[in-house]
Ligand code: C2E
Ligand code: CA
Ligand code: CA
Ligand code: CA
């Protein structure tokens, strides 16, 4: 015990402060998910690169903490993944996004697709299909309007388990996207085995695509392979007209990024969607 206590002296004050800060965020997060009052979802349009028309949207969670102000998902999602809080949070996102997009689809009389991020923690829960089925039943949302985004590292971690889960989800009629493609280690060869619909090219490759020949070659190769597998491709992080034009010239149909729109609150999103329809 004595020795154990002494080891604390080896922690630098910095590390200690970080650990404390994390515990404090975790405490606030636990409190916040009792009501979910401090959370909302923003929707970022996914746009046809040829026509500029919106085709679907990605749901992204926002936490506006009374104590801390706006907390970025990059700060609290990894934390929530470590302590299981991601399970209630993930289910809340699914249910809220399906409800909001269903209501929007009904008003505008356009069946509309929404993409939702799944964390690896959710994906590893055996009851994920039941959770999703429950959400679809409660909201009356059409499964083929729901696209689930998963990362490649997640799928490579436990290949056989992942394949089984993906097929189970696919059998429910939902669509499957591979997110942040190019950042993990999966070879395109493995990709063939997954029942995927969409591949999202990570924004890291898009950023310098018009100036860096290596990035350009990677993006072109991803597009060629994805198309030969019949996958729909979304370019992420499109910030300029040059990004847009380059990707479109290489055969990418869809894009997402600040060039089209930042993520929008549902009321702003409605306005954007209406405008986009009449363009
Ligand atoms: P992601 O899934 O790759 O989401 C795209 C991120 O890129 C979003 O950041 C979005 O706001 C940002 N972005 C969009 N367009 C551009 C652009 O043109 N340039 C740049 N630099 N960034 C752009 P956000 O909303 O901060 O989310 C960060 C990450 O947090 C997401 O990355 C995702 O991994 C995670 N996340 C967000 N919402 C959820 C959620 O509801 N559930 C789970 N499990 N993870 C989420
Ligand atoms: Ca995503
Ligand atoms: Ca992404
Ligand atoms: Ca990401």
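In full-length UniProt numbering, the protein residues as written are 306 to 584.
Every residue, glycine too, gets a C-beta built ideally from N, C-alpha and C.
Please report the distance separating the alpha-carbon of residue i from that of residue j.
{"i": "residue 487", "j": "residue 372", "result": "37 Å"}
{"i": "residue 569", "j": "residue 563", "result": "11 Å"}
{"i": "residue 531", "j": "residue 479", "result": "20 Å"}
{"i": "residue 340", "j": "residue 446", "result": "23 Å"}
{"i": "residue 453", "j": "residue 324", "result": "32 Å"}
{"i": "residue 319", "j": "residue 326", "result": "10 Å"}
{"i": "residue 409", "j": "residue 536", "result": "27 Å"}
{"i": "residue 471", "j": "residue 484", "result": "14 Å"}
{"i": "residue 425", "j": "residue 398", "result": "15 Å"}
{"i": "residue 575", "j": "residue 369", "result": "21 Å"}
{"i": "residue 385", "j": "residue 391", "result": "5 Å"}
{"i": "residue 528", "j": "residue 556", "result": "7 Å"}
{"i": "residue 382", "j": "residue 481", "result": "21 Å"}
{"i": "residue 499", "j": "residue 464", "result": "10 Å"}
{"i": "residue 435", "j": "residue 418", "result": "21 Å"}
{"i": "residue 540", "j": "residue 376", "result": "26 Å"}
{"i": "residue 438", "j": "residue 321", "result": "42 Å"}
{"i": "residue 343", "j": "residue 455", "result": "25 Å"}
{"i": "residue 367", "j": "residue 379", "result": "10 Å"}
{"i": "residue 422", "j": "residue 552", "result": "23 Å"}
{"i": "residue 473", "j": "residue 431", "result": "11 Å"}
{"i": "residue 549", "j": "residue 353", "result": "10 Å"}
{"i": "residue 403", "j": "residue 347", "result": "13 Å"}
{"i": "residue 406", "j": "residue 544", "result": "25 Å"}
{"i": "residue 573", "j": "residue 580", "result": "11 Å"}
Say the cut is 6 Å; is the CB of residue i nearer than that to a heavy atom of ligand 2?
{"i": "residue 422", "result": "yes"}
{"i": "residue 579", "result": "no"}
{"i": "residue 333", "result": "no"}
{"i": "residue 454", "result": "yes"}
{"i": "residue 484", "result": "yes"}
Shorter than 6 Å, the distance from the beta carbon of residue i to the closest heavy atom of ligand 1, or not?
{"i": "residue 544", "result": "yes"}
{"i": "residue 568", "result": "yes"}
{"i": "residue 539", "result": "no"}
{"i": "residue 383", "result": "no"}
{"i": "residue 257", "result": "Because the chain in this structure spans residues 306 to 584, residue 257 falls outside the shown range and cannot be described."}
{"i": "residue 495", "result": "no"}
{"i": "residue 419", "result": "no"}
{"i": "residue 366", "result": "yes"}
Just reading off the alpha helix (DSSP H) that residue i is part of, what are its end residues?
{"i": "residue 386", "result": "378–387"}
{"i": "residue 434", "result": "433–444"}
{"i": "residue 412", "result": "391–413"}
{"i": "residue 547", "result": "546–554"}
{"i": "residue 466", "result": "464–476"}
{"i": "residue 529", "result": "518–533"}
{"i": "residue 426", "result": "425–428"}
Hey, could you find the ends of the beta strand (DSSP E) residue i is sitting in?
{"i": "residue 364", "result": "359–370"}
{"i": "residue 504", "result": "503–506"}
{"i": "residue 344", "result": "344–353"}
{"i": "residue 480", "result": "480–486"}
{"i": "residue 541", "result": "From DSSP, residue 541 is part of no beta strand (DSSP E); its letter is neither H nor E."}
{"i": "residue 451", "result": "451–456"}
On the CB-based measure, 16 or more other CB atoms within 10 Å of its CB, does residue i come out buried or exposed?
{"i": "residue 387", "result": "exposed"}
{"i": "residue 542", "result": "buried"}
{"i": "residue 546", "result": "exposed"}
{"i": "residue 508", "result": "buried"}
{"i": "residue 494", "result": "exposed"}
{"i": "residue 533", "result": "exposed"}
{"i": "residue 359", "result": "buried"}
{"i": "residue 414", "result": "exposed"}
{"i": "residue 469", "result": "exposed"}
{"i": "residue 350", "result": "buried"}
{"i": "residue 505", "result": "buried"}
{"i": "residue 460", "result": "buried"}
{"i": "residue 457", "result": "buried"}
{"i": "residue 395", "result": "buried"}
{"i": "residue 450", "result": "buried"}
{"i": "residue 363", "result": "buried"}
{"i": "residue 519", "result": "exposed"}
Quick check: does the Cβ of residue i come within less than 6 Å of any heavy atom belonging to ligand 3?
{"i": "residue 430", "result": "no"}
{"i": "residue 513", "result": "no"}
Is the beta carbon of residue i within less than 6 Å of some heavy atom of ligand 5?
{"i": "residue 502", "result": "Absence of ligand 5 is noted for the structure shown, with ligand 1, ligand 2, ligand 3 and ligand 4 being the only ligands found."}
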